[in-house]
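Here the structure is laid out as structure tokens; the discussion comes afterwards.
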Amino acid sequence: MKDLWDIAGVFAYLSLLTVGGGMAAFPELKELTVNTYHWVTFPELLHFYSLGQLAPGPNMMMVASIGAVVAHIPGALVALVAFFLPTGLLTFGVGRLWTHLATWRWRPAIQTGLGSVAVGLVLAGAIIMAHGAVTDAFYAVLATVVFVLLWRTSINPAYPIVASGLIGMAMHYFSLN
Amino acid sequence: MNEAAPPPPSLGRLFWVFFVMGATSLGGGVVGYLRTGLVVRQRWLDDVAFVELLSISQTLPGLNATNMSILVGDRLRGGMGALVATLGMCLPGATLMTGAAFAYDVGGDDPWSKAFLHGIAAGAVGLIVVVMVQLGAKVLKEFADYVFVLATAGAVALFHVPVPYALLVAGAVAIWWHRPRDRDIK
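Listed in order, the protein sequences are those of chains A and B. Position 82 (the first sequence) corresponds to 82 in the numbering used here; numbering is contiguous. Here the numbering used here runs 1000 ahead of the position in the second sequence, where the first position is 1.
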């Protein structure tokens, strides 16, 4: 039961940090789930996060995986509700007030100001993630190739990511021989 | 509230359309799928309304996909609409990722799955950087904005400043920097 309360607290808190997308919450996600609560190891977190990028729908459904690791199906449900309810209610409320806010003179300032901070948080997430996932020059090349491919073409991201996984398996095959 | 447009869909229909988008929007980029589904195919929204709702979604915390589900659901069918649209959008991915946790428990230690997961993690780093570049291209306008980006990222990733402090301090400074001025000639 205490686990469920911890899950609810952690994911409700993380939910409020997702300005500019789920990745902005990654540094605190790692801090809490790996260092504070020891629910998953850092490699496990990376694995779930990357699998989550392959799953359809919103790209942070991996919160359900962490909830399930800690407390099975109830854990997954609590993690999802906690992660989506606080910001969901906020969006619902602000959505209804929006017509009044559209002409508010601070709105562009907030939008632009938080925008650059959000990019900074995504960059921080990418740095922390690269620490765990880009373990040597080979994986650095792999990440760079995926980056260039997604940046320069409009290919569905699922393909190069699955291909990266297959390349990882190929590396394993060669390391056996 | 509702323009004299097509009659709003039933709650069941709303759930189903979001469920299909939640199940088929593989590989991120949910926004593209949402526009195709809502504007082009169902004609529940026009492009002006879509962009307006998207800009609310992007300003507020929360994921774009779920924020959009809430706003579109509310606009079409009120509070219940927001709820069923969000449930539909989340259900497929949530089920899969819960299943993934159990599969991981069984097969996660296998060296082949580890090799695969290591590969997709490296690929995902490439994806995150693209997301950052695309987000940056939209919001970074002047030199100061790049300073805010580097200051925030450096504080969090290198000096381990907790994200809420970084968000509050850098956010306040950046918002103040862009504060409304009376003689605004943008």
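The C-beta atom is built at its ideal place from N, Cα and C for all residues, glycine as well. Note that the coordinates shown come from a computational prediction; the quantities given were computed from them, not determined experimentally.
### Task
Give me the Cβ distance between residue 1166 (chain B) and residue 1155 (chain B), rounded to the nearest whole Å; I'm assuming they're in contact under 8 Å.
Working through the second sequence from its first residue, we reach residue 1166 (chain B) at position 166. Working through the second sequence from its first residue, we reach residue 1155 (chain B) at position 155. Rounded, the Cβ-Cβ distance is 5 Å, consistent with contact.
### Contact residues within the segment 118 to 136 of chain A, judged by C-beta distance below 9 Å to chain B
If the cut-off is 9 Å between Cβ atoms, the segment 118 to 136 of chain A has 118, 119, 120, 121, 122, 123, 124, 125, 126, 127, 128, 129, 130, 131, 132, 133, 134, 135 near chain B.
### Query
Can you check whether the CB of residue 120 (chain A) is closer than 8 Å to the CB of residue 1170 (chain B)?
Within the second sequence, the letter at position 170 stands for residue 1170 (chain B). Within the first sequence, the letter at position 120 stands for residue 120 (chain A). Cβ atoms of residue 1170 (chain B) and residue 120 (chain A): closer than 8 Å.
### Query
Got a sec: which bits of the segment 1033 to 1049 of chain B sit with their beta carbon under 7 Å from any beta carbon on chain A, in order along the chain?
Within the segment 1033 to 1049 of chain B, no residue qualifies.
### Query
With 16 other CB atoms within 10 Å as the buried threshold, where does residue 169 (chain A) fall?
Here the question's residue 169 (chain A) lines up with position 169 in the first sequence. With 16 or more other Cβ atoms inside 10 Å of its own Cβ, residue 169 (chain A) counts as buried.
### Task
Return yes when the Cβ of residue 1069 (chain B) is within less than 8 Å of the Cβ of residue 1018 (chain B), no when it is not.
Stepping through the second sequence from its first residue, residue 1018 (chain B) is reached at position 18. Stepping through the second sequence from its first residue, residue 1069 (chain B) is reached at position 69. It is a contact, given that the beta carbons lie within the stated cut-off.
### Message
Spatial neighbours of residue 15 (chain A) within its chain, please: C-beta separation below 6 Å, excluding the five flanking residues on both sides.
### Response
Translated into positions along the first sequence, residue 15 (chain A) becomes position 15. 83, 86, 87, listed in sequence order.
### Alpha-carbon to alpha-carbon, residue 109 (chain A) and residue 1175 (chain B)
Along the second sequence, one-based indexing puts residue 1175 (chain B) at 175. Along the first sequence, one-based indexing puts residue 109 (chain A) at 109. Distance between the alpha carbons of residue 1175 (chain B) and residue 109 (chain A): 5 Å.
### Query
Taking the alpha-carbon positions, what's the residue 141 (chain A) to residue 158 (chain A) distance?
If you number the first sequence from 1, residue 141 (chain A) lands on position 141. If you number the first sequence from 1, residue 158 (chain A) lands on position 158. C-alpha separation (whole angstroms): 18 Å.
### Query
Beta carbon of residue 1171 (chain B): closer than 7 Å to some heavy atom of the ligand FAD?
As presented, the structure is devoid of all ligands, the ligand FAD included, so that no description of it is given.
### Query
Where residue 1134 (chain B) and residue 1128 (chain B) are concerned, what is the direct C-alpha to C-alpha distance, given to the nearest angstrom?
For this step, residue 1134 (chain B) is matched to residue 134 along the second sequence. For this step, residue 1128 (chain B) is matched to residue 128 along the second sequence. Taking the straight line from one Cα to the other gives about 10 Å.
### Query
Whose C-alpha, out of B:1125, B:1078, B:1179, B:1063, is nearest the C-alpha of residue 151 (chain A)?
Counting from 1 along the first sequence, the entry for residue 151 (chain A) is found at position 151. For the residues B:1125, B:1078, B:1179, B:1063, the minimum Cα distance to residue 151 (chain A) belongs to B:1125.
### Query
Hey, does residue 4 (chain A) have any beta-carbon neighbour from chain B nearer than 8 Å?
As a first step, residue 4 (chain A) is located in the first sequence; it is residue number 4 there, counting from the start. No - not a single Cβ of chain B is within 8 Å of the one on residue 4 (chain A).
#### Entry: Within chain A, partners of residue 1180 (chain B) - CB distance below 7 Å
Here residue 1180 (chain B) is taken as the residue at index 180 of the second sequence, counted from 1. Ordered by position in chain A, the residues that pass the 7 Å Cβ test against residue 1180 (chain B) are 105, 106, 109.
### Task
Could you tell me whether the segment 33 to 51 of chain A touches the segment 1060 to 1080 of chain B, using the rule of 3 or more Cβ pairs below 8 Å?
In the pairwise beta carbon analysis, the segment 33 to 51 of chain A is classified as not touching the segment 1060 to 1080 of chain B: fewer than three pairs are separated by under 8 Å.
### Cβ-based burial, residue 174 (chain A) [other Cβ within 10 Å; buried from 16]
Within the first sequence, residue 174 (chain A) is the residue found at index 174, counting from 1. Residue 174 (chain A) comes out exposed.
### Nearest-angstrom Cα separation, counted from residue 77 (chain A) out to residue 12 (chain A)
Here residue 12 (chain A) corresponds to residue number 12 of the first sequence, with the count starting at 1. Here residue 77 (chain A) corresponds to residue number 77 of the first sequence, with the count starting at 1. Each residue's Cα considered, the two are about 13 Å apart.
### Task
Measure from the alpha carbon of residue 1052 (chain B) to the alpha carbon of each residue in A:145, A:94, A:126, A:136, then state which is nearest.
For the purposes of this step, residue 1052 (chain B) is taken as residue 52 along the second sequence, with counting starting at 1. Among A:145, A:94, A:126, A:136, the Cα nearest to that of residue 1052 (chain B) belongs to A:94.
#### Entry: Unbroken alpha helix (DSSP H) run spanning residue 59 (chain A), endpoints
Taking the first sequence and counting its residues from 1, the one referred to as residue 59 (chain A) is at position 59. No alpha helix (DSSP H) holds residue 59 (chain A); DSSP gives it neither H nor E.
### Query
Anyone know if the C-beta pair for residue 1123 (chain B) and residue 58 (chain A) falls short of 8 Å?
Reading the second sequence from its first residue, position 123 is the one you call residue 1123 (chain B). Reading the first sequence from its first residue, position 58 is the one you call residue 58 (chain A). With contacts defined by Cβ atoms closer than 8 Å, residue 1123 (chain B) and residue 58 (chain A) do not form a contacting pair.
### Message
Alpha carbons only, please: which of B:1007, B:1090, B:1040, B:1075 is nearest the one belonging to residue 1016 (chain B)?
### Response
As a first step, residue 1016 (chain B) must be located in the second sequence, where it is residue number 16. Answer by Cα proximity: B:1090.
### Task
Say whether chain B places a C-beta atom closer than 8 Å to the C-beta of residue 37 (chain A).
For the purposes of this step, residue 37 (chain A) is identified with residue 37 of the first sequence, where counting begins at 1. No, residue 37 (chain A) lies away from the interface with chain B (no Cβ there is under 8 Å from its Cβ).
#### Entry: Cβ contact (3+ pairs, closer than 8 Å) linking the segment 1042 to 1056 of chain B and the segment 67 to 76 of chain A
Touching, no.
### Message
Using a Cβ-Cβ distance cut-off of 8 Å, determine whether residue 1148 (chain B) contacts chain A.
### Response
To locate residue 1148 (chain B), count along the second sequence from 1; it is residue 148. True, the Cβ-Cβ gap to chain A drops below 8 Å.
### Message
Among B:1074, B:1086, B:1010, whose alpha-carbon lies nearest the alpha-carbon of residue 1023 (chain B)?
### Response
Along the second sequence, one-based indexing puts residue 1023 (chain B) at 23. Looking at the Cα atoms, B:1086 is the closest of the given residues.
### Task
Take the Cβ of residue 1121 (chain B) as the centre, count every other Cβ of all protein chains shown within 10 Å, and call the residue buried at 16 or more, exposed below.
As a position in the second sequence, residue 1121 (chain B) is number 121, starting the count at 1. A residue is called buried when at least 16 other Cβ atoms come within 10 angstroms of its Cβ; residue 1121 (chain B) meets this threshold and is buried.
### Message
If you follow the alpha helix (DSSP H) that residue 1146 (chain B) is in, where does it begin and where does it stop?
### Response
Against the second sequence, residue 1146 (chain B) aligns to sequence position 146. Here the alpha helix (DSSP H) through residue 1146 (chain B) covers 1143 to 1153.
### Task
Answer with buried or exposed for residue 161 (chain A), where buried requires no fewer than 16 other C-beta atoms within 10 angstroms of its C-beta.
The sequence position of residue 161 (chain A) within the first sequence is 161, counting from 1. By the Cβ neighbour-count rule, residue 161 (chain A) is buried, with 16 or more other Cβ atoms within 10 Å of its own.
### Task
Would you mind reading off the limits of the alpha helix (DSSP H) that contains residue 37 (chain A)?
Within the first sequence, the letter at position 37 stands for residue 37 (chain A). Counted as a single uninterrupted DSSP element, the stretch harbouring residue 37 (chain A) is not any alpha helix (DSSP H), since DSSP gives it neither H nor E.
### Query
Can you give the Cα-Cα distance for residue 129 (chain A) and residue 1008 (chain B), rounded to whole angstroms?
For this step, residue 129 (chain A) is matched to residue 129 along the first sequence. For this step, residue 1008 (chain B) is matched to residue 8 along the second sequence. Going from the Cα of residue 129 (chain A) to the Cα of residue 1008 (chain B) covers about 43 Å.
### Query
Name the chain A residues whose beta carbon is nearer than 8 Å to that of residue 1061 (chain B)?
The residue you call residue 1061 (chain B) lines up with position 61 of the second sequence. 15, 16, 17, 18, 19, 87, 90, listed in chain order.
### Task
Under 7 Å Cβ to Cβ from residue 137 (chain A), same chain only, skipping five residues before and after it: list those, please.
Along the first sequence, read from residue 1 onward, the residue named residue 137 (chain A) stands at position 137. Nothing meets the Cβ criterion.
### Task
On a CA-only basis, which of A:166, A:3, A:42 is nearest residue 1113 (chain B)? Give me that one, please.
In the second sequence, counting from the first residue as 1, residue 1113 (chain B) sits at position 113. Closest in C-alpha terms to residue 1113 (chain B), from the list A:166, A:3, A:42, comes A:166.
### Query
Can you find a C-beta in chain B that's less than 8 Å from the C-beta of residue 150 (chain A)?
Your numbering for residue 150 (chain A) matches position 150 in the first sequence. So, interface residue.
#### Entry: Burial state of residue 60 (chain A), where buried means 16 or more other Cβ atoms lie within 10 Å
In the first sequence, counting from the first residue as 1, residue 60 (chain A) sits at position 60. So residue 60 (chain A) ends up on the buried side.
### Task
With 9 Å as the C-beta to C-beta threshold (strictly closer), list the residues of the segment 41 to 52 of chain A near chain B in chain order.
Contacts with chain B (Cβ-Cβ distance below 9 Å) from the segment 41 to 52 of chain A involve 43, 44, 46, 47, 48, 49, 50, 51, 52, listed in chain order.
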